[in-house]
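Working notes, structure below.
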Amino acid sequence: MGIIGFRGITAQLTMVLTGLLVSCLMQRLPDTVNVIQHVIYYTPVYMIGIVASINRQWIYDAFSGRRSLLLLLVSAIFWWLQSCVFDRVGSYHYPMFKYAGVDMMLFQKVFFSLFLMVFLHRFELFKSVVIKYIATASFALFFVHGPLIVVLPSLINRIGGVDFAPLGLLGI
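Be aware that the sequence shown starts at 0, since it is given in numbering that gives the first Met the number 0, and climbs by one per residue.
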């Protein structure tokens, strides 16, 4: 018997979907002060990565060829719902217990990530020095991307006067 009476993929999906439900209702803080809220918000995303890695062959088989476009379509539907129907751009940022709607960007990014996983699978055996370097540096880049997003626009504005407002449309 597995976790809570389930076995294998059923237990994994139950945990991931429950976590995603909590995350999309709880949302993120505008600042990084509440570590517990961020851990709760991002844990299901990490769990999706683990489950997708464990079951990657099933995912590759299920979404091979043009069926991968279904993942892209679902991602686009979540983008459309959040941006056009609910008139929200970017991630929702609210305190832990303040309800402000469902954060659909979370689902959009999950389905888009699964699409990229399936799409990029065909390049797994491709050898590239640049891609290998990026993969090697990716863990370190994760830890510096937050401060870079805050510092770089102000530095570039001082140097060249570049307007970074359109980047808000990308949801960053």
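Glycine included, each C-beta is placed from N, C-alpha and C at the ideal position.
Secondary structure of residue i, DSSP reduced to three states
i: R121; result: helix
i: A75; result: helix
i: Y132; result: helix
i: S127; result: coil
Beta-carbon proximity check, residue i vs residue j, cutoff 8 Å
i: L113; j: A51; result: yes
i: Y40; j: S67; result: no
i: L69; j: F62; result: yes
i: F106; j: F77; result: yes
i: I47; j: V109; result: yes
Option in the options with minimal Cα separation from residue i
i: K97; options: L16, A134, M116, Q36; result: Q36
i: M25; options: R157, P146, A99, L124; result: A99
Extent of the continuous alpha helix (DSSP H) run through residue i
i: L20; result: 7-25
i: A51; result: 34-53
Own chain residues within Cβ distance below 7 Å of residue i, not counting five before or after
i: T9; result: none
Residues near residue i by beta carbon distance below 6 Å, same chain, minus five either side
i: L19; result: P43
Beta-carbon contacts of residue i that lie in its chain and below 8 Å, excluding the five residues immediately before and after
i: M116; result: A51, R55, I58
i: Y132; result: none
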